[in-house]
Each structure stands twice: as C-alpha cells, then as structure tokens.
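**Q** Using the working numbering, you'd call the opening residue of the first sequence number 7 and step up by one each time.
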Amino acid sequence: MTEPVLDPAAALAALAAEIARHDRLYHDQDAPEISDADYDALVRRNRELEAAYPDLVRADSPSRRVGVTPASPLRKVAHAKAMMSLENGFSDGEIREFVARVRRFLALDEDAPVVLTAEPKIDGLSCSLRYEKGALVLALTRGDGAVGEDVTANVRTIGDIPARLTGTVPDVFEVRGEVYMAKADFATLNERLIAEAASPEAARQFANPRNAAAGSLRQKKAAITAARPLRFLAHGWGEVSPEVDLPGETQTAVMRAIAGWGFPVSDLFVPVDDVDQALAQYRRIEAMRADLPFDIDGVVYKVDRLDWQKRLGQVARAPRWAIAHKFPAERAQTALNAIDIQVGRTGKLTPVARLEPVTVGGVVVTNATLHNADEIVRLGVHPGDRVIVQRAGDVIPQVVEGLYAGPERAAWPFPLTCPECGSAAEREAGEVDYRCTGGLICPAQRVERLIHFASRHAFDIRGLGLVRVEQFFHDGLVQSPADIFRLRERREELIARDRLADLSVDNLLEAIEEKRTVPLDRFLFALGIRHVGQVTARDLARRYRSAAALGRVIHAAVRIRRAMRPVLGEPERKYVIRREKALVAAIETPGVGPEVADALIGFFAEPHNRTVVFDLLRQVRPTDVVQEVRASRVSGKTVVFTGKLETVSRDEAKAQAEALGAKVAASVSKKTDLLVIGADAGSKAKKAAELGVAVATEAEWAAIVAEAG
DNA sequence: GTGCCTCGAGTTCC
DNA sequence: CTCGAGGCAC
Numbered sequence: 007m008t009e010p011v012l013d014p015a016a017a018l019a020a021l022a023a024e025i026a027r028h029d030r031l032y033h034d035q036d037a038p039e040i041s042d043a044d045y046d047a048l049v050r051r052n053r054e055l056e057a058a059y060p061d062l063v064r065a066d067s068p069s070r071r072v073g074v075t076p077a078s079p080l081r082k083v084a085h086a087k088a089m090m091s092l093e094n095g096f097s098d099g100e101i102r103e104f105v106a107r108v109r110r111f112l113a114l115d116e117d118a119p120v121v122l123t124a125e126p127k128i129d130g131l132s133c134s135l136r137y138e139k140g141a142l143v144l145a146l147t148r149g150d151g152a153v154g155e156d157v158t159a160n161v162r163t164i165g166d167i168p169a170r171l172t173g174t175v176p177d178v179f180e181v182r183g184e185v186y187m188a189k190a191d192f193a194t195l196n197e198r199l200i201a202e203a204a205s206p207e208a209a210r211q212f213a214n215p216r217n218a219a220a221g222s223l224r225q226k227k228a229a230i231t232a233a234r235p236l237r238f239l240a241h242g243w244g245e246v247s248p249e250v251d252l253p254g255e256t257q258t259a260v261m262r263a264i265a266g267w268g269f270p271v272s273d274l275f276v277p278v279d280d281v282d283q284a285l286a287q288y289r290r291i292e293a294m295r296a297d298l299p300f301d302i303d304g305v306v307y308k309v310d311r312l313d314w315q316k317r318l319g320q321v322a323r324a325p326r327w328a329i330a331h332k333f334p335a336e337r338a339q340t341a342l343n344a345i346d347i348q349v350g351r352t353g354k355l356t357p358v359a360r361l362e363p364v365t366v367g368g369v370v371v372t373n374a375t376l377h378n379a380d381e382i383v384r385l386g387v388h389p390g391d392r393v394i395v396q397r398a399g400d401v402i403p404q405v406v407e408g409l410y411a412g413p414e415r416a417a418w419p420f421p422l423t424c425p426e427c428g429s430a431a432e433r434e435a436g437e438v439d440y441r442c443t444g445g446l447i448c449p450a451q452r453v454e455r456l457i458h459f460a461s462r463h464a465f466d467i468r469g470l471g472l473v474r475v476e477q478f479f480h481d482g483l484v485q486s487p488a489d490i491f492r493l494r495e496r497r498e499e500l501i502a503r504d505r506l507a508d509l510s511v512d513n514l515l516e517a518i519e520e521k522r523t524v525p526l527d528r529f530l531f532a533l534g535i536r537h538v539g540q541v542t543a544r545d546l547a548r549r550y551r552s553a554a555a556l557g558r559v560i561h562a563a564v565r566i567r568r569a570m571r572p573v574l575g576e577p578e579r580k581y582v583i584r585r586e587k588a589l590v591a592a593i594e595t596p597g598v599g600p601e602v603a604d605a606l607i608g609f610f611a612e613p614h615n616r617t618v619v620f621d622l623l624r625q626v627r628p629t630d631v632v633q634e635v636r637a638s639r640v641s642g643k644t645v646v647f648t649g650k651l652e653t654v655s656r657d658e659a660k661a662q663a664e665a666l667g668a669k670v671a672a673s674v675s676k677k678t679d680l681l682v683i684g685a686d687a688g689s690k691a692k693k694a695a696e697l698g699v700a701v702a703t704e705a706e707w708a709a710i711v712a713e714a715g
C-alpha cells in the first residue's frame with residue numbers, strides 16, 4: 007500500500023531525476039553520495055508510486071532501465087576461520103541457563119566450577135587482522151562470517167593496530183576485535199563534516215558512532231579512513247598456525263599475550279569464577295555505561311578453558327562457549343500509521359506496522375513486523391493508535407505495546423484474501439500464520455522464490471538482487487530459475503533497455519555464468535522447498551553426496567507416496583502413521599521427520615516442480631559433496647550410544663561420531679555396527695547381545711576418537 | 001506424552 | 001534477530 011501523494015507526477019519526476027543523478031555519481035564519477043540501501047530505497051519508492059499510479063509511469067522511468075545496484079568496491083576474501091556471531095541473553099536467568107547448558111554438554115557436575123571471562127561488548131564492527139611472521143598482511147571485515155571485505159589498507163591507518171608484532175608470535179595469527187569510534191571523536195567528526203560542507207543542510211552526518219566507524223572503515227581511499235578517528239579493541243582470535251604456538255590454555259592467558267603484542271584489550275576484561283561474579287561484573291559495566299568513552303550494547307561471557315571451548319564447538323553460526331548479555335532495549339513512542347500485509351515465498355502473510363518515523367537507539371525506525379494475526383490481537387492495535395516501539399537485540403524494531411485506552415473494540419480485521427493475487431487467505435488448524443492459497447499463480451510468491459533462488463546462501467548470484475529480479479519478472483524475462491541462465495541469449499535486449507550500464511549487464515551475465523556449477527546443498531536449498539533450509543539441505547546433500555543419488559532416493563520415495571493406500575478397514579489414523587513412517591524411512595536422513603519428508607517428496611511429486619527442476623538441470627550442474635571426515639575405524643559404520651556417558655555428553659559423542667564419518671542411530675538393530683555402552687545401560691545392551699552387535703565401553707570409544715586424531 | 005533443542009522462515013536497518 | 005514448530009530423547 008502506498009500512502010496518498012499530493013502530486014504523484016511531480017514526485018515521480020523528482021525520483022527519476024534523483025535516481026539518474028545517483029547513477030551518474032556512481033558510474034561516471036565513482037563517488038556515490040548515498041549508501042546502497044538508500045539507493046535501493048529510492049528505487050523501491052519509485053516502484054511503489056508507479057504501482058499506485060500506473061498511468062503516470064514516465065518514459066524515462068528508472069524502472070525501465072535495468073537496476074544498477076552499486077556493488078561494493080571492496081575485494082571479497084574468505085576467512086581462514088569463520089567469524090561467528092554470538093548467542094544473546096537478556097536476563098540473569100538466560101545467563102544461568104547458558105552456564106547450565108555448558109555443564110550439561112561437558113557432562114560436568116551441577117556445581118562444578120566453570121570459569122568464565124566477562125568483558126564489555128563494544129558497538130562497532132568486527133574485524134579479523136591476519137599476521138604472518140608478525141607482519142600485518144590482511145584485514146577483513148566480518149561480512150557474512152564466511153567471507154569478509156578486504157580493508158587492509160584502511161586498517162593500516164588505525165593507530166591502535168600495530169603493523170608488526172613484537173615478541174614470540176605464531177607464524178600465522180589472526181587477531182579479532184572491534185573497530186569503533188569513541189563518542190567524543192564521533193561528535194567532533196560530525197562537527198567537522200558540517201564545517202567542511204558547502205552548507206549545513208548539505209552536510210552528510212553520521213547517525214551514530216557505529217555507522218561512523220562502518221562508513222569510515224569501508225572507504226575506497228585509505229586517506230579518508232586515515233582522517234577518521236578509528237580505534238580498535240581486541241577480543242579474540244581466528245586462525246593460529248602452528249596451533250601448538252597458541253600462547254596459553256585459557257581465554258585469559260591468550261588475551262594477555264595479545265595485549266603483550268601491543269593490542270588494546272579492554273581494561274574491563276576479567277576472568278570470573280562463577281555466574282554470580284559474571285553477573286556482578288555485568289552490573290558494574292552497566293553502571294559505567296554512560297561514562298564509558300565508547301558505546302557498548304552488553305557484556306560478553308566466554309568459557310575460559312580453551313580445551314572446553316574446543317569440545318563445546320558451535321551451533322550453526324554461534325559458538326556454544328560464549329554468550330552476549332545484552333542491555334535492555336531502548337524504547338520510544340510513536341504513531342501506527344497503517345498495517346500492511348506482505349507475502350513471503352511460502353505464501354505466508356505477514357502484517358507490517360508502518361510507523362511515524364521515530365528515533366530508537368540512534369536509528370530512525372519506520373517499519374516493524376507484527377508477525378501474525380495473533381500478535382495484532384495480543385497488542386490490540388489498530389491503525390491510528392499510539393504504540394511503544396523498541397529495537398530488540400538492538401537491531402530489529404518491534405512493537406511492544408499499544409497505548410489505546412478508548413472503549414472496547416473488535417480486533418483489527420486480518421484480510422481474508424491475499425493482497426497480491428486476491429486468492430483466499432487461509433489459516434490451517436493449529437497454525438498461527440495465514441497463507442495465500444494462490445501458490446503458483448501468486449506473483450508475489452513467485453518473485454519471492456526467485457529472489458530466494460539467487461540469494462546469498464542459495465545460488466549467490468552477485469548483482470541479481472531484489473530490484474533486478476522484480477524487474478526481470480515483471481518484464482517477462484525471468485519466470486523460472488532456468489530463465490536466469492538463459493539471460494545471456496538476450497544480452498542485446500538487456501543492454502538496449504539499459505542505456506546507462508551495459509558494463510553492469512555484462513557483470514551480471516558473468517556472475518550468472520560462474521554459477522553453472524554449484525554445490526548440491528546450495529542447489530537443494532535454492533529450490534525453496536518448505537522445511538528444507540540450509541542445514542537440512544546440507545544434511546541431505548552430505549547423506550547422498552550426488553544429485554544423481556539423491557534424485558534416485560526421491561524418485562523412489564515419490565513412487566512409494568503415490569502407491570500407498572489405506573489397507574481395507576485400516577483406520578485413517580493408522581494409515582497416516584504408516585505412511586509417515588514409510589516416507590521418513592525412504593529419505594533416511596537424520597533430522598528429516600514426517601513433516602520434512604512429506605514436504606520434500608510432495609515438492610517432487612508436483613509435475614510443475616519437476617519440470618522446473620529438470621529445466622534448471624539443463625542449465626546448471628550441482629557438484630557432489632565431499633564430506634570432510636577423518637578416517638577412522640567407524641567411518642561409514644552405524645553407531646548407537648546407550649547409558650549415561652561420563653566424560654562426554656550424548657550430543658558431543660554424536661558430534662564426534664559424525665566427524666569420524668559414522669552414522670548415529672537411536673536404537674539398536676541388525677544394521678548397527680557398534681554400540682557404545684555407558685553407565686546403567688538397559689535394554690539396548692541386551693538387544694545388542696541378542697543380535698551379536700559389537701559393543702564398546704566409553705573408554706574404548708574415546709580411544710577410537712583419539713586414534714583418528 | 002512431554003519437554004528440550006535446533007532449524008526454518010520472515011523481517012529491519014545499514 | 002525472533003518466533004513457531006519439527007525432531008528426538010526421555
């Protein structure tokens with residue numbers, strides 16, 4: 007929905023001129039004035055207006071050109087070791103739970119001492135600084151955690167960061183920490199920007215120190231960064247080689263060594279003996295917050311012992327051995343102007359609050375998700391109400407409560423049809439979300455699926471983002487994923503539409519060509535099958551290694567699904583369970599239960615989907631997945647654990663087994679190759695004896711793990 | 001059957 | 001980042 011505009015024709019003319027000006031600045035003068043996101047916002051605004059006033063679309067409309075989303079000028083480089091994010095906790099209880107979880111995972115006693123470290127969490131940009139033979143050779147931003155941007159030249163201008171390390175330093179050592187701007191320096195910088203600008207109105211200021219640090223570090227010209235007052239605080243490390251040269255066995259010891267090499271380390275960094283001391287340090291830091299020279303958004307706790315950190319490992323993108331204790335979010339009051347409905351790739355209808363712009367935590371918030379119909383009922387909000395907004399985890403804005411105090415009224419009516427295609431909106435029993443039933447005919451869903459296909463964790467086609475996908479879709483150039491790979495046949499057509507940027511067309515086509523081979527897990531994830539996200543896609547890809555093998559399994563499963571019928575007189579409930587079991591068994595992948603199996607097989611049972619996939623397979627080749635596993639006595643074997651393990655937890659044992667290439671099953675059957683028996687083993691041990699399955703004690707298991715290295 | 005843990009999906013702002 | 005819900009252990 008677009009709010010009424012007094013003079014839409016004039017607004018469109020202004021937008022066309024503005025967007026064209028930024029295109030020139032970016033392409034001809036290499037001096038963009040606004041961020042990529044602000045540019046996208048202009049393009050989006052233009053599109054919304056055009057949708058609302060189709061008669062007024064201009065001949066020189068920016069939407070008739072291929073979008074020219076500026077690419078980052080900085081070189082992308084993969085991290086030697088992924089830069090992970092941190093789990094967040096907001097209450098004492100969550101921190102206590104974190105420590106309890108650590109104990110459980112390590113199979114420690116409930117009151118066993120767990121030494122933690124506590125330090126303030128600086129609100130800046132994470133950076134990884136790579137030193138080889140003591141010399142700074144590479145500095146990367148965090149990026150997506152796997153790949154960062156090369157900011158080496160800029161980092162060399164930061165006074166806190168030594169170019170060479172003195173003392174005994176491992177051959178390769180990556181120092182990780184936060185690049186930030188002190189509050190006072192931020193204020194001075196903004197004053198300077200005003201003074202230097204032609205007029206105060208024309209000055210481009212930064213909204214907060216974090217943005218100032220980000221903007222200053224990601225400069226193309228190091229000279230600009232050099233003139234910006236950036237600082238650095240070390241908080242960890244990445245690759246260390248040789249690993250034995252790591253200067254200590256605890257977080258504290260290594261951080262001391264890093265400080266000894268000349269890096270600033272927070273003077274509020276302390277080891278603490280237990281969770282109560284950790285929380286006391288949190289309160290000390292919280293009390294000092296306003297007086298600290300830099301912005302912080304919480305306190306980070308880490309398990310001090312590095313051997314424990316190693317055992318704890320990580321979940322998805324965050325380590326199990328650290329947590330950020332965040333300060334309570336800042337709140338603000340504003341008006342709820344409207345409630346719009348967005349349609350996701352799965353058809354989910356999401357209500358979004360359009361807010362009167364308000365500053366919360368240094369950022370102007372105009373939108374906030376309302377999640378679902380229940381949330382709107384819970385908040386009791388209607389358009390026009392005053393509401394309280396906060397930035398949860400200091401990032402995502404959310405509506406916390408409505409301030410309406412008038413007479414009783416009915417809940418805001420959630421739309422009964424999809425705003426994009428008009429199909430009925432339905433809510434399944436037991437589900438929270440309304441979904442558009444339009445499926446293939448709903449253009450919003452089709453576009454969202456294409457955007458997902460090209461997105462970073464899927465095919466990762468650079469230059470093919472939201473704006474271009476929408477344009478290509480609406481122009482009929484791209485209707486299905488395979489069409490993307492046929493765009494090269496229409497190069498002239500693309501260039502003709504895009505007078506400004508034939509170079510950008512070629513860049514795009516090149517980026518597309520690069521993805522004609524893609525890892526199987528990305529391929530699978532990109533299809534956008536419900537319940538098949540990154541992790542499940544990876545599990546499936548690793549389980550079957552090749553598209554051919556996975557294809558055979560799914561093909562067989564589809565046939566099973568088609569062939570299954572209730573046996574005469576079989577109750578519906580029993581049949582459903584039997585069917586579920588058959589489908590799960592057919593896919594035979596840990597983590598894939600009835601729901602996921604049905605979604606996966608259902609997707610391929612649909613003829614249209616098969617057509618789309620086969621069409622795509624004529625254009626691209628999924629590469630086989632070679633799992634990195636250490637060879638061991640249990641590689642390729644099926645292992646079952648039973649009883650209470652003393653030295654490792656069940657989760658950890660399972661992780662060990664998988665790293666050795668073994669499959670972990672829940673119960674003993676004739677397929678089981680090895681049963682590892684802990685204390686108080688029950689029926690499984692008995693069954694293993696009956697079936698003649700080999701058994702091992704926990705100590706023997708530890709030996710198998712150890713001998714594989 | 002119940003409860004915990006992890007994953008999937010959708011979203012915001014830069 | 002949060003929330004709902006699927007998977008699996010107990």
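Built from N, CA and C at the ideal position, the CB exists for glycine as well. Nothing here was measured: the structure is a model prediction, and the numbers come from that model.
Name the DSSP bridge partner or partners of Lys308?
**A** DSSP, once it has assigned bridges, lists Thr123, Ala328 as partnering Lys308.
**Q** Please go through the same chain and pick out, in chain order, the residues whose beta-carbon is closer than 8 angstroms to the beta-carbon of Lys82, but skip the five residues on each side of it.
**A** Around Lys82: Gly149, Val153, Gly154, Glu155, Asp156.
**Q** Quick check on this structure: which residue in Pro600, Ala286, Gln315, Arg170 has the alpha carbon closest to the alpha carbon of Asp98?
**A** Out of Pro600, Ala286, Gln315, Arg170, Ala286 has the C-alpha closest to the C-alpha of Asp98.
**Q** Is Thr174 near Pro299, with beta carbons less than 9 angstroms apart?
**A** No, Cβ-Cβ distance for Thr174 and Pro299 is not below 9 angstroms.
**Q** Grab me the residues of Pro525's own chain with a C-beta within less than 6 angstroms of its C-beta, minus the 5 sequence neighbours each way, in chain order.
**A** Closer than 6 angstroms at the Cβ level, and outside the excluded window around Pro525, lie Thr629.
**Q** Taking DSSP's pairing of strands, which residues face Trp243 in a bridge?
**A** Val181.
**Q** I'd like the span of the alpha helix (DSSP H) that includes Asp679, first residue to last.
**A** Note, Asp679: premise wrong, no alpha helix (DSSP H); not H, not E.
**Q** Give the C-beta separation of Thr258 and Asp310 to the nearest angstrom, bearing in mind that I take them to be a contact with Cβ-Cβ under 8 angstroms.
**A** At roughly 6 angstroms, the Cβ-Cβ gap stays under 8 angstroms, so Thr258 and Asp310 are in contact.
**Q** Applying the criterion that 16 or more other CB atoms from any shown protein chain within 10 Å of the CB defines a buried residue, is Thr542 buried or exposed?
**A** Under this definition Thr542 is a buried residue.
**Q** Do you know offhand how far Gln404's Cα is from Ala218's?
**A** Their backbone Cα atoms lie some 25 angstroms apart in a straight line.
**Q** So, helix, strand or coil for Glu612, using DSSP?
**A** Correct three-state label for Glu612: coil.
**Q** In whole angstroms, what separates the C-alpha of Ala411 from that of Trp418?
**A** Looking at the two C-alpha atoms, the distance is approximately 15 angstroms.
**Q** Give me, in chain order, the residues of the same chain whose beta-carbon lies closer than 7 angstroms to that of Leu135; leave out the 5 immediate sequence neighbours on both sides.
**A** The answer, listed in chain order, is Leu142, Ala145, Val161, Ile167, Glu180, Val181.
**Q** Can you tell me whether Gln485 is helix, strand or coil according to DSSP?
**A** Of the three classes helix, strand and coil, the one that applies to Gln485 here is coil, per DSSP.
**Q** Mark Gln451 as exposed unless 16 or more other C-beta atoms lie within 10 angstroms of its C-beta, in which case mark it buried.
**A** When all chains shown are included, Gln451 counts as buried.
**Q** Is Arg360 near Asn343, with beta carbons less than 9 angstroms apart?
**A** Their beta carbons are under 9 angstroms apart, which means Arg360 touches Asn343 by this criterion.
**Q** Assuming contact is defined by CB atoms lying nearer than 9 angstroms, are Asn513 and Ala330 in contact in what I supplied?
**A** Not in contact: Asn513 and Ala330 (Cβ atoms no closer than 9 angstroms).
**Q** Comparing alpha-carbon positions, which option in Asp621, Thr147, Gly534 lies nearest Phe609?
**A** Residue Gly534 is the option with its Cα nearest to Phe609.
**Q** Identify the continuous alpha helix (DSSP H) that holds Ala460 and give its terminal residues.
**A** It spans 449-460 - the alpha helix (DSSP H) in which Ala460 sits, taken as one unbroken run.
**Q** Just to confirm the assignment, what range does the beta strand (DSSP E) spanning Glu576 have?
**A** That residue, Glu576, is in no beta strand (DSSP E); it is neither H nor E in DSSP.
**Q** Just mark Glu704 as buried or exposed, buried being the case when its beta carbon has 16 or more other beta carbons within 10 Å.
**A** Glu704 should be labelled buried.
**Q** Alpha carbon to alpha carbon, how far is Arg567 from Leu589?
**A** Approximately 7 angstroms between the Cα atoms of the pair.
**Q** Checking 9 angstroms against the spacing of the C-beta atoms, do Leu681 and Ala702 come in under that value?
**A** Contact flag set, yes.
**Q** Along the alpha helix (DSSP H) that carries Leu472, what are the first and last residues, could you check?
**A** Where Leu472 is concerned, the enclosing alpha helix (DSSP H) stretches over 472-480.
**Q** Can you tell me whether Pro596 is buried or exposed, with buried defined as 16 or more other CB within 10 angstroms of its CB?
**A** Exposed: under 16 other Cβ atoms inside 10 Å.
**Q** Looking only at DSSP bridge pairs, what is Phe238 linked to?
**A** In the DSSP output, where bridge partners are listed per residue, Phe238 has Val185.
**Q** Specify whether the segment 347-359 and the segment 416-435 touch according to this definition: at least 3 beta carbon pairs, one from each stretch, less than 8 angstroms apart.
**A** At 8 angstroms Cβ cutoff, the stretches touch.
**Q** In or out: Met187 buried (at least 16 other Cβ within 10 Å) or exposed?
**A** Counting Cβ neighbours within 10 Å, Met187 comes out buried, since at least 16 surround it.
**Q** According to DSSP, which residues form a beta bridge with Lys669?
**A** In the DSSP output, where bridge partners are listed per residue, Lys669 has Thr644.
**Q** Whose C-beta lies closer than 6 angstroms to the C-beta of Glu9 among residues of the same chain, with five residues either side of it excluded?
**A** Because Glu9 carries a pLDDT of 41, less than 50, the predicted location of this residue cannot be relied on, and no value is offered for it.
**Q** For the segment 245-252 against the segment 97-116, do three or more pairs of beta-carbon atoms, one drawn from each stretch, fall closer than 8 angstroms, so that the two count as touching?
**A** The segment 245-252 vs the segment 97-116: no contact.
**Q** Assuming Ser132 is part of the alpha helix (DSSP H), what are its boundary residues?
**A** Per DSSP, Ser132 belongs to no alpha helix (DSSP H); it is in the beta strand (DSSP E), 131-138.
**Q** Residue range of the beta strand (DSSP E) that Ile164 falls in?
**A** Element bounds for Ile164: n/a, residue is neither H nor E.
**Q** Spatial neighbours of Ala169 within its chain, please: C-beta separation below 8 angstroms, excluding the five flanking residues on both sides.
**A** Contacts found: Ala141, Leu142, Arg162.
**Q** What is the DSSP secondary structure of Glu362, reduced to helix, strand or coil?
**A** Strand, per DSSP.
**Q** Taking DSSP's pairing of strands, which residues face Pro357 in a bridge?
**A** In the DSSP output, where bridge partners are listed per residue, Pro357 has Ile347.
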